[in-house]
Amino acid sequence: MDGIKLRAENLNLYFGQKQILKNINIEFPKNQVTSLIGPSGCGKSTLLRSFNRMHDLSPDARIEGKLFLDELDLYGRKNSVTDIRKRIGMVFQKPNPLPKSIYENLSYALNIHNYPKQDIPNLIEAALRESFLWDEVKDEMKKPAVKLSGGQQQRLCIARTVVLRPEVILMDEPCSALDPISTKKIEELILKLKEDFTIVIVTHNMQQAQRISNKVAFMYLGELIEYDTSDTIFKHPNNELTQRYIGGYFG
Amino acid sequence: MNTVKREQIDSLLKFAFKGAGLLTITLLGGIFFMLFANSILFFLNVPPLDFFTGSQWDPENHYSIFPLLVSTFWVALGSMLIAVPLGIFSAAYLSEMAPKKLQIVLKPIIEMLAAIPSVAIGFLGIVLVGPGLAQIFGIQNGLNALNGSILLAVMALPTIVTISEDAINAVPKSHREASLALGANKWETLFKVTIPAAFPGLIAAVMLGLGRALGETMTVLMATGNSAAIPKGFLDSVRTITATIAIEMGEVPYQTTHYYSLFAIAAILFLITLAVNFTGEFFANRLRKFHS
Chain U
545 MDGIKLRAEN
555 LNLYFGQKQI
565 LKNINIEFPK
575 NQVTSLIGPS
585 GCGKSTLLRS
595 FNRMHDLSPD
605 ARIEGKLFLD
615 ELDLYGRKNS
625 VTDIRKRIGM
635 VFQKPNPLPK
645 SIYENLSYAL
655 NIHNYPKQDI
665 PNLIEAALRE
675 SFLWDEVKDE
685 MKKPAVKLSG
695 GQQQRLCIAR
705 TVVLRPEVIL
715 MDEPCSALDP
725 ISTKKIEELI
735 LKLKEDFTIV
745 IVTHNMQQAQ
755 RISNKVAFMY
765 LGELIEYDTS
775 DTIFKHPNNE
785 LTQRYIGGYF
795 G
Chain P
-13 MNTVKREQID
-3 SLLKFAFKGA
7 GLLTITLLGG
17 IFFMLFANSI
27 LFFLNVPPLD
37 FFTGSQWDPE
47 NHYSIFPLLV
57 STFWVALGSM
67 LIAVPLGIFS
77 AAYLSEMAPK
87 KLQIVLKPII
97 EMLAAIPSVA
107 IGFLGIVLVG
117 PGLAQIFGIQ
127 NGLNALNGSI
137 LLAVMALPTI
147 VTISEDAINA
157 VPKSHREASL
167 ALGANKWETL
177 FKVTIPAAFP
187 GLIAAVMLGL
197 GRALGETMTV
207 LMATGNSAAI
217 PKGFLDSVRT
227 ITATIAIEMG
237 EVPYQTTHYY
247 SLFAIAAILF
257 LITLAVNFTG
267 EFFANRLRKF
277 HS
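Protein chains in written order, with our numbering: chain U, 545 to 795; chain P, -13 to 278.
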């Protein structure tokens, strides 16, 4: 499995009686950006969240099939969910900084995972620099994170994920609550982060998917319809549904 | 014709509702006035300094609120030491850990605790908690501050649990997701994210519970032994401000210093509970603003 970081095999997911994901097989290549696109309710966010086991929080969610990070079975009985979430980070749709200071938002995860005290300030600085946020916040690390602008908050959330050096970063429509300028900054950030991380991103924005992704997966009604390089999906998709979705005939 | 009648009913109802509202305010104002007018008459006879600093409540001779205040304080403090951790942990368990089904059963049961009449709880204090304490600590009788604290804790618990649970529930789900997604476990998320975020609400819960404990009369009257000396610890018999008023008001001759003194201590209690309730409301409001 060279070059494949994350994959799902025969994944079915149900909420109660309702089947949300139907037999998904997909592989995400290492150090690339893969976009999940499709109309609302097609299951793309659900698929994304199953990789860092966010569905553990919903008692009526049921999962069949296998998910792997390299060769690690993500739902294996012996594998710790906290360890998996450390290795597979997640950035949410709405920026969700913790109600703490900027500094504490980053130190929180480091403390929980018992990083040595003396390393923490350097790790935080590095993560903030990587997330293009350092220059904007270096003088006000004690300020409550909610006082930052929406775009800054989202970059803080990315920094908070990056600081743990995960292997994969999942992003659930990270720009949908942001203005175009903040969106552009985050897109630049994503392109830089892929040098170090494997990125899977859910987006509603076709142009964004085209700008940032190496590969694109189109989903519809819980099924993976087409999965190919960004070029193929956007220039000559094979499936008619994909073609119509890209063309804006439904959405 | 019809419209005229409807407008008449409309203005009549307006008047009725206005009257009901004003009546409540008048009642409150009347109580306030009565308490303070009588207190002033008391302070004309007894210097305020003696009242606050003396060490004896011995009507006709010494009027000092100090032993009563210390008693009230001990009992209330004890009840909070028991009820606050218990209440907040129950609330946290209910909203964060308990399965939905258990939650649906447990919450009304806890709220039902508030419906038990205080005299029934006082009764339990005499026949159950008192003898129990006497046996555990090897003392002659168990009617003491600790007994009162335990019973008041039970009575304050529903308030504390309900309001804390609301506060914890009101913490946005996105905070928990953020913490969990960083690899924190449920406990770390609860103690380091959820509870700190709910903190103003938890303070409100504690303050309103404390208000309940401070004002409670029947239970402490029955369970704490009512000796008006300065207590040295939780195993001493105490007499709270509320119990003192309840015991002495029936016997006292009208318009004597003793009579006025009861109004004075009631006024002090009133001020204390008012302050506690205001603090509670202040934090409860802040919580509401924060989440809306």
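We put the CB at the ideal spot given by N, CA and C, even for glycine.
Membership of S579/U in the beta strand (DSSP E) is indicated by the continuous run 577 to 581. Counting only residues of its own chain and dropping the five nearest sequence neighbours on each side, Q754/U has a CB closer than 7 Å to the CB of S774, F778. Chain P places no beta carbon closer than 8 Å to that of R673/U, leaving this residue out of the contacts. Residues of chain U whose Cβ lies closer than 8 Å to the Cβ of L168/P are, in chain order, R629, K630, G633, Y652, A653, I656, R704, T705, L708. With a threshold of 8 Å between beta carbons, A84/P makes no contact with chain U. Closer than 8 Å to the CB of N271/P there is not a single CB belonging to chain U. For A552/U, the enclosing beta strand (DSSP E) begins and ends at 548 to 559.
For F636/U, at least one C-beta of chain P is nearer than 8 Å to its own C-beta. Out of P103/P, I136/P, W173/P, V147/P, the CA that lies nearest to the CA of A209/P is found in I136/P. T39/P counts as exposed, since fewer than 16 other beta carbons sit within 10 angstroms of its beta carbon.
In this structure, the CA atom of S594/U is about 11 Å from the CA atom of I628/U. Secondary-structure assignment with DSSP links Q563/U through a beta bridge to Y558/U. For T773/U, the enclosing beta strand (DSSP E) has its first and last residue at 767 to 773.
Contact residues of the stretch 152 to 165 of chain P toward chain U are V157, P158, K159, S160, H161, R162, E163, A164, S165 (C-beta to C-beta distance below 9 Å). The C-alpha of I96/P is placed about 14 Å away from the C-alpha of P103/P. Contact between the stretch 156 to 170 of chain P and the stretch 109 to 124 of chain P is absent: fewer than three C-beta pairs spanning the two stretches fall below 8 Å. Between R597/U and V625/U, the gap from beta carbon to beta carbon is short of 8 Å. Around the C-beta of V(-10)/P, fewer than 16 other C-beta atoms lie within 10 Å, and the residue is accordingly described as exposed. Around the beta carbon of E608/U, a 10 Å sphere encloses fewer than 16 other beta carbons of the protein chains shown; the residue is thus reported as exposed. Secondary structure of R597/U (DSSP, three-state): coil. Look at P573/U here: in three-state DSSP terms it is strand.
Under the Cβ distance rule, V179/P counts among the residues neighbouring chain U, one pair being separated by less than 8 Å. Taking the beta carbon of A183/P as reference, the chain U residues within 7 Å of it are P643, listed in sequence order. For E174/P, a Cβ of chain U is located within less than 8 Å of the residue's own Cβ. Counting along the chain, no beta strand (DSSP E) covers G169/P, and no H or E run does either.
Listed in chain order, the non-local C-beta contacts of R704/U below 6 Å within the same chain comprise N649, L650, local neighbours out to five positions each way being set aside.
Residues of chain P whose Cβ lies closer than 8 Å to the Cβ of T626/U are, in chain order, G169, A170, N171. Setting aside the 5 residues that flank it on each side, V32/P is surrounded in the same chain by Y49, each with a C-beta closer than 6 Å to its C-beta; the list follows chain order. One alpha carbon belongs to K87/P, the other to Q752/U, and they sit about 44 Å apart. Following the DSSP letters along the chain, one finds G40/P in no alpha helix (DSSP H), marked with neither H nor E. Judged by DSSP in its simplified three-state form, D152/P adopts helix. Straight across, the Cα-Cα distance linking I68/P with A62/P is about 10 Å. Judged by their CB atoms, A250/P and F28/P are nearer to each other than the 8 Å cut-off. Here the stretch 680 to 700 of chain U makes no contact with the stretch 602 to 622 of chain U; the two share fewer than three CB pairs at distances below 8 Å. Restricting attention to alpha helix (DSSP H) runs no shorter than 4 residues, the stretch 705 to 783 of chain U encloses them at 724 to 737, 750 to 756, 774 to 779, ordered along the chain.
Per the coordinates, the alpha-carbon of H161/P lies some 29 Å from the alpha-carbon of F264/P.
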